[in-house]
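Visitor:
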Amino acid sequence: MRVLKITVCGGGNGAQALVPIAARNLGCQVDVYAPLADEADRLRTGAATHGGLEVQGAVRAQALPHCVSADPAEVIAGSEIVILVLPAFAHESTLRQIMPFLDKDTWVGAMPARGGFELCAAHVLEEQGRGDVRLFGLQTLPWACRIQQYGQVVHVLGAKRVVDAAGRPAGSFGEVRPVLQQMLGLTVQAAASLLALTLANTGQIIHPGIMYGLFAAWDGTPFPGQEVPLFYQGLDESGAETLHSLSDGIQAIRARLEPDLDLAAVRPLHDWIVRSYGDDIVDPSTLRSAFVTNRAYAGLKAPVRQMADGRYVPDFSARYLTEDIPFGLAVSRAIGRLAGVDTKALDRVIAWAGARLEKDYLGRDMNEARIPQAYGLGSLQALLAFAGAG
Ligand code: NAI
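Residue numbers (the working numbering): 1 to 390.
So this is what it looks like as structure tokens:
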């Protein structure tokens, strides 16, 4: 597949890392669609001032995006690949905005896909009569990265060695996989389907699981700055136990569906972290040690909010819950229910997180999550048919 131009949708950490990395690795035109607030202006100005967007740290690259715009008409047409590097709650609105400008047979994907990306994207494609558009998703963002100066410098704390990805129709994913691999400069391994990636999404385990471990017993007392816990390196035995129980819960769903679907990409969490981070992990012997000795996670703190008196409280509105429950754990849980699997371990964390968010993702607000049932797939047969059709 020949690629002359790609467009990155988003103006956050991951998008600003991808732009220079992709420009260098593909040597093609890289445009940016950044419609949120004044991001397009800030990105354009920042990159021009700095002589290009710069990625520092575990990966290094620097390049100017070709065109940055808040108007999809200016950047989407002519792209062979359009890639959404956005929190999952921005996927649907972004897909709707770009759809009218997509060339025939464009590949549109999400990095990361999170849970149920293909349910939402296939729905939008069908609604807009765009059956020609092909979809792809990556199981994760390849980097732990944070913007240091907007539009200028992004710091990559760690880069994964290998990332799973899948497409829809599944049979044509082989066409775009080598391009994605070249674009990212790491191994992109094909998973059998985007449904497999939904279950393989480890963010749904790690983020809500660690939040639960850190804060389920929090008594509401604000704490001083020096007590803000490290998010990953602060994982204790009981937090690791929660991660184990969630991973086992996902594996139970995998086991039930495996006769019908290839779910080899749905790895137990311990296998996944060791495979993804390799030598960045000093002691890979247990799940807990793999987290606390992973250099790529070093120093990252739990999400907190500062109070007027200078002390801190947990920030339950952080994406670790607002993204990873409705676009993560609740999706896998809903698939588990369709498959008749006991989802108690998942339910416990979803119910706790829901109470923090004033949402009942196990009942009243279930269809606000990106679950198959919300897209009319109310039975396992319907879900399997959807996955098969892909
Ligand atoms: P971010 O928080 O930096 O991205 C926010 C950006 O998304 C905004 O700046 C804006 O450009 C865009 N956005 C947000 N709401 C929007 C809306 N309604 N309409 C249009 N655009 C909107 O996110 P980041 O860090 O780049 O993460 C992207 C994805 O990668 C998320 O799913 C995140 O969970 C995941 N991820 C991020 C990692 C990291 O180290 N940054 C690591 C692993 C996964």
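Think of the CB as a built atom: it goes at the ideal place given N, C-alpha and C, for glycine as much as any other residue.
Quantities reported herein were computed from a predicted structural model and do not represent experimental measurements.
Does the beta-carbon of Glu-54 have 16 or more other beta-carbons within 10 angstroms, so that it is buried, or is it exposed?
Guide: Position 54 of the sequence shown, counting from 1, holds the residue named residue 54. Under this definition Glu-54 is a buried residue.
Visitor: What would DSSP say about Cys-28, mapped onto helix, strand or coil?
Guide: Looking up residue 28 in the sequence shown gives position 28. In the structure shown, Cys-28 sits in coil (DSSP, three-state: anything other than H, G, I, E or B).
Visitor: Between Asp-347, Arg-311, Ile-335, which lies nearest to Leu-380 when the distance is taken from Cα to Cα?
Guide: For the purposes of this step, residue 380 is taken as the residue at position 380 of the sequence shown. Closest in alpha carbon position to Leu-380, among Asp-347, Arg-311, Ile-335, is Ile-335.
Visitor: Check whether the Cβ of Gly-12 lies closer than 6 angstroms to any heavy atom of ligand 1, and answer yes or no.
Guide: Translated into the one-based positions of the sequence shown, residue 12 becomes position 12. Yes, the Cβ of Gly-12 comes within 6 angstroms of a heavy atom of ligand 1.
Visitor: Contact check, Ala-17 vs Val-156 under 8 angstroms by CB: the rounded distance?
Guide: The residue labelled residue 17 in the question sits at position 17 within the sequence shown. The residue labelled residue 156 in the question sits at position 156 within the sequence shown. The pair is a contact, with the Cβ atoms about 6 angstroms apart (cut-off 8 angstroms).
Visitor: Between which two residues does the alpha helix (DSSP H) carrying Asp-41 extend?
Guide: On the sequence shown, position 41 is the one that residue 41 refers to. Asp-41 -> alpha helix (DSSP H) spans 39 to 50.
Visitor: Check the DSSP bridge columns for Val-154 and list the partner residues they point to.
Guide: Start at 1 with the first residue of the sequence shown, and residue 154 comes out as number 154. Answer is Val-55, Ile-147.
Visitor: Given this structure, state the Cα-to-Cα distance separating Gln-29 from Asp-71, to the nearest angstrom.
Guide: In the sequence shown, counting from the first residue as 1, residue 29 sits at position 29. In the sequence shown, counting from the first residue as 1, residue 71 sits at position 71. Roughly 17 angstroms between the two C-alpha positions.
Visitor: For Phe-327 and Gly-116, which I take to be in contact (beta-carbon distance under 8 angstroms), what is that distance rounded to the nearest angstrom?
Guide: Taking the sequence shown and counting its residues from 1, the one referred to as residue 327 is at position 327. Taking the sequence shown and counting its residues from 1, the one referred to as residue 116 is at position 116. Contact flag correct, Cβ pair sits at about 7 angstroms.
Visitor: Find out if the Cβ-Cβ distance for the pair Pro-169, Arg-311 is shorter than 7 angstroms.
Guide: By 1-based counting over the sequence shown, the position of residue 169 is 169. By 1-based counting over the sequence shown, the position of residue 311 is 311. No. Outside cutoff.
Visitor: Which two residues bound the contiguous beta strand (DSSP E) that contains Gln-128?
Guide: Residue numbering aside, residue 128 sits at position 128 when the sequence shown is read from its first letter. First-last for Gln-128: undefined, no H or E at that position.
Visitor: Which term fits Asp-342, buried or exposed, when burial requires 16 or more other beta carbons within 10 angstroms of its beta carbon?
Guide: Position 342 of the sequence shown holds residue 342. The residue is exposed, with fewer than 16 neighbouring Cβ atoms inside 10 Å.
Visitor: Does the beta carbon of Leu-391 fall short of 6 angstroms from some heavy atom of ligand 1?
Guide: Beyond the ends of the chain as shown, which are 1 and 390, falls residue 391; an answer cannot be given.
Visitor: Phe-136 by DSSP, collapsed to three states: which one?
Guide: Counting from 1 along the sequence shown, the entry for residue 136 is found at position 136. It is a strand residue.
Visitor: Please report how far the alpha carbon of Ile-98 lies from the alpha carbon of Cys-120, in whole angstroms.
Guide: As a first step, residue 98 is located in the sequence shown; it is residue number 98 there, counting from the start. As a first step, residue 120 is located in the sequence shown; it is residue number 120 there, counting from the start. One C-alpha to the other measures close to 14 angstroms.
Visitor: Where do the N-terminal and C-terminal ends of the beta strand (DSSP E) with Val-313 fall, by residue?
Guide: One-based indexing of the sequence shown puts residue 313 at position 313. DSSP places Val-313 inside the beta strand (DSSP E), whose first and last residues are 312 to 314.
Visitor: Under the three-state reduction of DSSP, which class applies to Ala-110: helix, strand or coil?
Guide: Here residue 110 refers to the residue found at position 110 when the sequence shown is read from its first residue. Ala-110: strand per DSSP, three-state reduction.
Visitor: Based on Cα-Cα distance, which residue from Leu-138, Ile-206, Cys-145 lies nearest to Phe-173?
Guide: As a first step, residue 173 must be located in the sequence shown, where it is residue number 173. Measuring from the Cα of Phe-173, the nearest candidate turns out to be Leu-138.
Visitor: Could you tell me which residues DSSP pairs with Gln-306 in its beta bridges?
Guide: Counting from one through the sequence shown, the residue named residue 306 turns up at place 306. Answer is Tyr-312, bridged to Gln-306.
Visitor: Would DSSP call Ser-69 helix, strand or coil?
Guide: The count along the sequence shown starts at 1 and reaches residue 69 at position 69. Ser-69: strand per DSSP, three-state reduction.
Visitor: Output the distance between the C-alpha atoms of Phe-215 and Met-1, rounded to the nearest integer angstrom.
Guide: Within the sequence shown, residue 215 is the residue found at index 215, counting from 1. Within the sequence shown, residue 1 is the residue found at index 1, counting from 1. Each residue's Cα considered, the two are about 48 angstroms apart.
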